[in-house]
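Below is one structure, written out as structure tokens; the observations come after it.
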Amino acid sequence: MSSSKLLTRLLVWRIRTISDNNFTLMVAGVIGLIAGLAAVVLKSTVHTIQAFLERNIDITGFNYLYLGYPLVGILITVVVARYILREHLGHGITQILYAISKNSSILKRTQMYSRMITSAITVGFGGSVGLEAPIVVTGSAIGSNFGRLVHLDYKKRTLLIGCGAAGAISAIFNSPIAGVIFAIEVIMTEVKISKFIPILIASVCGQLVSISLLGEDILFSFRLTDPFKASDAPYYLLLGMFCGIISLYFTRAMYKVEAAIKTIKESFSRALIGGLGLAIIIFTFPPIYGEGYESIKDLLAGRQLDLFDRTIFEPLETNQIMLMVFLFAILMVKPVATALTIGAGGSGGIFAPSLFMGGVAGFFFTQVINTLIPGLSISASNFTLVGMCGVLSGVLHAPLTGIFLIAEITSGYVLFVPLMLVSAISYSTISYFEKHSIYTKKLIEKGDLIQYDRDRIVLSLIDLKKVMETDLLLIKPEATLGEMVELVKKSKRNIFPVVNDKGELEGIVTLDDIREIMFDNDKYEDVIVKAIMQVPPAHVTPQEKMQSVMNKFELTQAWNLPVIEDGKYLGFVSKSRIFNAYRTKLIRHTKE
1 MSSSKLLTRL LVWRIRTISD NNFTLMVAGV IGLIAGLAAV VLKSTVHTIQ AFLERNIDIT
61 GFNYLYLGYP LVGILITVVV ARYILREHLG HGITQILYAI SKNSSILKRT QMYSRMITSA
121 ITVGFGGSVG LEAPIVVTGS AIGSNFGRLV HLDYKKRTLL IGCGAAGAIS AIFNSPIAGV
181 IFAIEVIMTE VKISKFIPIL IASVCGQLVS ISLLGEDILF SFRLTDPFKA SDAPYYLLLG
241 MFCGIISLYF TRAMYKVEAA IKTIKESFSR ALIGGLGLAI IIFTFPPIYG EGYESIKDLL
301 AGRQLDLFDR TIFEPLETNQ IMLMVFLFAI LMVKPVATAL TIGAGGSGGI FAPSLFMGGV
361 AGFFFTQVIN TLIPGLSISA SNFTLVGMCG VLSGVLHAPL TGIFLIAEIT SGYVLFVPLM
421 LVSAISYSTI SYFEKHSIYT KKLIEKGDLI QYDRDRIVLS LIDLKKVMET DLLLIKPEAT
481 LGEMVELVKK SKRNIFPVVN DKGELEGIVT LDDIREIMFD NDKYEDVIVK AIMQVPPAHV
541 TPQEKMQSVM NKFELTQAWN LPVIEDGKYL GFVSKSRIFN AYRTKLIRHT KE
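Position 361, counted from 1, in the sequence shown is what the working numbering calls 361; the numbers after and before it change by one each time, with no gaps.
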């Protein structure tokens, strides 16, 4: 029996014996388990690569291998992505959002494993990015493709994408609540309460796999030792604003540096130049090497002087001012390093860099405040952790994710009040300057992400070429009124495009334009079409977004607009046909 026939029989049996809701719950659990396993495999692979490479680094001294490893990692990643996987990497979360919005929640099959391979190489060799986005892409792709395999509709495929994302975050951080919140806050913005249950199940399953295989050896965890003091609230408020500014800098620096490196069109030249730039930054500032979690652990443990190890600044490590300058320099160059890693062809996400930036920002903030105000000693560990929440909330535009992630990795809710305060202020600060997150900004600017507006969702599903009318009768500008009247007799429409011999639209004639003279035989030979035609108030192109088309209809108050491409007339599009298509799509979308 062929595999397709076996699958068909299984699907028929499933429909007969298992309800859709129960089947979705079962599938969610399976996807959570697989996503959790993928997270464990990815983390273990990266640690194996790092351990192998670090055998050649004398960690007690200065070593020039920092110059080579990141560059080699990016070059290998480019070769693997281009010649083996044949896939464009880019920002993984952005691709998930695009698939949900514009590709019926269908992710490529290769994405179920491609990001695990490429990110393991990039991060293992010291690329300044994180593993979270690649594993989220992996989990989401597993959910999407499993949904396709068992013939689930768009909404259920989208739900399974969220399940994969939740399972991945839950497993990699041992934080099931943050996994659920991330899936809902970042991946899926339109979720009914009934849809929470599959995501919860997937998140729990992902965590169970992680705990079973890794135990306490998760990506990042910390036990709180200092209590929250209400007297520190004003400083947390200031930290929130500082984190918002850092989030804004991170976002804009990422855009500009990545855009600059991508002006180099040849992929290997881009990888070489970007990799060299990254290597120089990491050589100067070793804490930027890899994900950066080890450096954050040093800050939390009070080992901040260890950040100077293997740097040209090591002789100055005991100078407090030098420490603050060094930390501030790290804040300035970290987004550049991350953008170079991704822009040069590496694979990874901005989740870990955001947490790293937040941790350094929080620790830097405490050093400045404690230095400026004699006798004051605010908790460096608490502010470091809350800073991680603040920058993550700002960069991702996901305040709840930041709050619950830090609360869970600290194994308690002692810092819940400052987490809420800093997260809210950071998010509000960056939102004043950047309305959209680093994941969604480019998609929204291109009109490729509209999941926040049902009207725009339905409009985006309408293909202008399919509603364009191409059967209108044409007339030449030099034709007479008599010829125009004969054309009217043959037509069932009341609009006539005036097109010259080159195929260019010169104007239009409607029945209203000739109603008063069309029965005056004396004018049949004297009046030519060019004299009575009118110029359309606007035109559209075949590739134009439907939202733009509707805006033109609204601005011009027209009922029909011509479709022009490269100066040539193609047809007309009317409000009535768009409205009919809109209603059909709306009914289908609502059912799904």
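Backbone N, C-alpha and C fix where the C-beta goes; we use that ideal spot for every residue, glycine too.
Annotated three-state conformation of E506 is strand, per DSSP. For the 7 Å CB-CB criterion, S431 and I403 do not form a contact.
Two segments are said to touch when three or more pairs of C-beta atoms, one from each, lie closer than 8 Å; by this definition the segment 87 to 104 does not touch the segment 353 to 363.
Note that the C-beta distance between A352 and P70 is not below 7 Å.
A direct Cα-to-Cα measurement between E314 and S548 gives close to 57 Å.
The way I'd put it, the segment 92 to 107 doesn't touch the segment 14 to 34; fewer than three beta-carbon pairs between them come closer than 8 Å.
Closest by C-alpha distance to V458, out of H397, Y582 and D20, is Y582. Scanning the segment 280 to 362 from its first residue to its last, the whole alpha helix (DSSP H) runs of 4-plus residues come out as 293 to 300 and 320 to 343. In this structure the segment 567 to 585 lies against the segment 459 to 477, because at least three pairs of beta carbons, one per stretch, are closer than 8 Å. Rounded to the nearest whole angstrom, the CA to CA distance from S203 to A183 is 10 Å. Taken atom to atom, the span from the alpha-carbon of L131 to that of A329 is near 24 Å. Take the alpha-carbon of L305 and the one of I312: they are about 13 Å apart. Between Y98 and L461, the gap from beta carbon to beta carbon reaches 7 Å or more. Contact check for L42 against M116 passes: the beta carbons are separated by less than 7 Å. Under DSSP, V499 shares a beta bridge with L505.
Across the structure, T440 and E486 are spaced so that their CA atoms are roughly 54 Å apart. For the pair of segments examined, the segment 242 to 254 was found to touch the segment 381 to 395: the number of CB pairs separated by less than 8 Å reaches three. Taking C-beta atoms as the reference points, L25 and A271 fail to come closer than 7 Å. Just so you know, the alpha carbons of P335 and M254 end up roughly 6 Å apart. Distances from the CA of D520 to each of P497, T480 and G507 were compared; the closest alpha carbon is that of T480. Only residues of its own chain outside the window of five on either side were considered, and among them S574 and K575 have a CB closer than 7 Å to the CB of W559, listed in chain order.
Setting aside the 5 residues that flank it on each side, T541 is surrounded in the same chain by V563, I564 and E565, each with a C-beta closer than 8 Å to its C-beta; the list follows chain order.
Looking from the CA of G343, the closest CA among K490, S267, G503 and S428 belongs to S267.
With fewer than 16 other beta carbons inside 10 angstroms of its own, R303 counts as exposed. The alpha-carbon separation between A259 and K156 amounts to approximately 35 Å. Inter-residue distance for I288 and V27 is about 39 Å (C-alpha atoms, whole angstroms). By the criterion of a C-beta distance shorter than 7 Å, A120 is surrounded in its chain by L42, T45, V46 and I49, once the five residues flanking it on both sides are discounted. Annotation for L376: I369 and N370 place their beta carbon closer than 7 Å to its own, counting only its chain and skipping 5 residues before and after. The C-alpha of F496 lies about 53 Å from the C-alpha of C163. 7 Å or more divides the Cβ of I406 from the Cβ of L421.
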